[in-house]
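>
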Amino acid sequence: METINLKISKEFFDGAIPAAKEPHGTVFNKLKGKIDARIEDIADDRLGDVGINAVNNDTDGKLAKTIMSLASVDVLLREMRGLDLVLTATGFGVVSTNDTAPASKMRVDALDGELRVKWLDLQDELLEQLFRLEGWYAQGLQIIDSVFCEFRFLRQFAGKQSPLARDWEEAAPAILSTDRMLRERIGEEYMDELITQMCTGTLTAHNKGIVHQLRRIIGAAIQGNQKTAYEYYRRLMNTLEGDLENFSTYANSEAYATNHTKPYENKQGDTAFHFVG
């Protein structure tokens, strides 16, 4: 495995954290070693050799900035409740005298919520950048198992105008269950083809439309709107069945054969939508 050549600075940390600048650097000094270690973890887990080489040879530094921002937010989230933070209108620091009280739990909770949304947005940003890296898809296929893999999709497809981190956590069962059902209906091979094209930034025009429809189905399932999910599902199948030449992976799949021999039956315990109508 290649080694990533990134080290965090106080100036960068100040810009990456939404709580504004920290004049004395106390928090940064306490966290610097852990942030540098987290950068290495992200490199191993998310980047692989292709991503690490891209960072080390990045001319505009955009990918590097995203990784350092993600590592900074991640470590502060993990550590801040043990730091006795002081939060002010212009920044934050650590309690250093008996005359200074730590921030209230309410204010720390508010910062925690803000950081968690920032962390999820940075995860999305990192994925979008990695999708454009030639050869990265092999790493991507190890960590992406659904077309509904980004936090921002809650805004686009699930009616969440200002989603919180807990919204993403609560959506996970519906995402997983609906994804499983869709794999049964359009085929493991075709779903994997779509994810591979996502990870390589090579979605064809036809498949881009299918991915959009899949996300609408999952988004409706997250909202618990079974009728809307079914209507989107019906449109999806009509699209596939109406143009088998352009959707040959689906046409040659076991799922296609199954769809033409017996109707789908709901399974007891399904948390995704049921077929109705």
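If you count the sequence shown from 1, position 131 lands on 221 in the numbering used here, and the numbers rise without skipping.
Backbone N, C-alpha and C define an ideal beta-carbon position, used for all residues, glycine too.
This structure is a prediction, so every number in the text was calculated from the model and none was measured.
Using the Cα positions of V207 and P253, report the straight-line distance between them to the nearest angstrom.
One-based indexing of the sequence shown puts residue 207 at position 117. One-based indexing of the sequence shown puts residue 253 at position 163. V207 and P253: Cα-Cα distance of roughly 8 Å.
> Shortest alpha-carbon distance to N146 belongs to which of E278, L96, R136 and N119?
Here residue 146 is taken as the residue at index 56 of the sequence shown, counted from 1. The shortest Cα separation from N146 among E278, L96, R136 and N119 belongs to L96.
> Between which two residues does the alpha helix (DSSP H) holding D164 run?
The count along the sequence shown starts at 1 and reaches residue 164 at position 74. Residues K152 to E169.
> Quick test of your reading: A133 and I125, contact by CB under 8 Å. State the CB separation rounded to the nearest angstrom.
Residue 133 sits at position 43 when you count from the first residue of the sequence shown. Residue 125 sits at position 35 when you count from the first residue of the sequence shown. Between the beta-carbon of A133 and that of I125 there is about 13 Å, and that puts the pair past the 8 Å contact cut.
> By alpha-carbon positions, which one of I265, H302, T268 and V237 ends up nearest to I285?
Sequence index remark: in the sequence shown, residue 285 carries index 195 (1-based). Considering only alpha carbons, the answer is V237.
> Find the nearest neighbour of T292 within the set L223, I312 and K155, judged by alpha-carbon distance.
By one-based count along the sequence shown, residue 292 stands at place 202. The shortest Cα separation from T292 among L223, I312 and K155 belongs to L223.
> What is the rounded straight-line gap between the Cα of E215 and the Cα of T351?
Within the sequence shown, numbered from 1, the residue matching residue 215 stands at position 125. Within the sequence shown, numbered from 1, the residue matching residue 351 stands at position 261. Cα-Cα distance, rounded: 43 Å.
> Whole-angstrom Cβ separation of A345 and R275, contact assumed at under 8 Å?
What you label residue 345 is simply residue 255 of the sequence shown in a count that begins at 1. What you label residue 275 is simply residue 185 of the sequence shown in a count that begins at 1. So it is a contact: roughly 6 Å between Cβ atoms.
> Tell me the DSSP secondary structure of F238 in three-state form.
Residue numbering aside, residue 238 sits at position 148 when the sequence shown is read from its first letter. Correct three-state label for F238: coil.
> What's the C-alpha gap between K287 and W258?
Sequence index remark: in the sequence shown, residue 287 carries index 197 (1-based). Sequence index remark: in the sequence shown, residue 258 carries index 168 (1-based). Strictly speaking, residue 287 in this sequence is Gln, with Lys absent from that position. Between Q287 and W258, the C-alpha separation is close to 24 Å.
> If I measure Cβ to Cβ from H296 and keep anything under 6 Å in the same chain, skipping five residues before and after, which residues do I get?
Position 206 of the sequence shown, counting from 1, holds the residue named residue 296. The residues are N336.
> Suppose the cutoff is 7 Å on Cβ atoms and the five residues either side in sequence are ignored; what does the same chain contact list for A341 look like?
Here the question's residue 341 lines up with position 251 in the sequence shown. Only L334 meet the Cβ criterion.
> Considering only their Cβ atoms, is the gap separating M170 from A106 smaller than 8 Å?
By 1-based counting over the sequence shown, the position of residue 106 is 16. By 1-based counting over the sequence shown, the position of residue 170 is 80. The answer is no: Cβ separation not under 8 Å.
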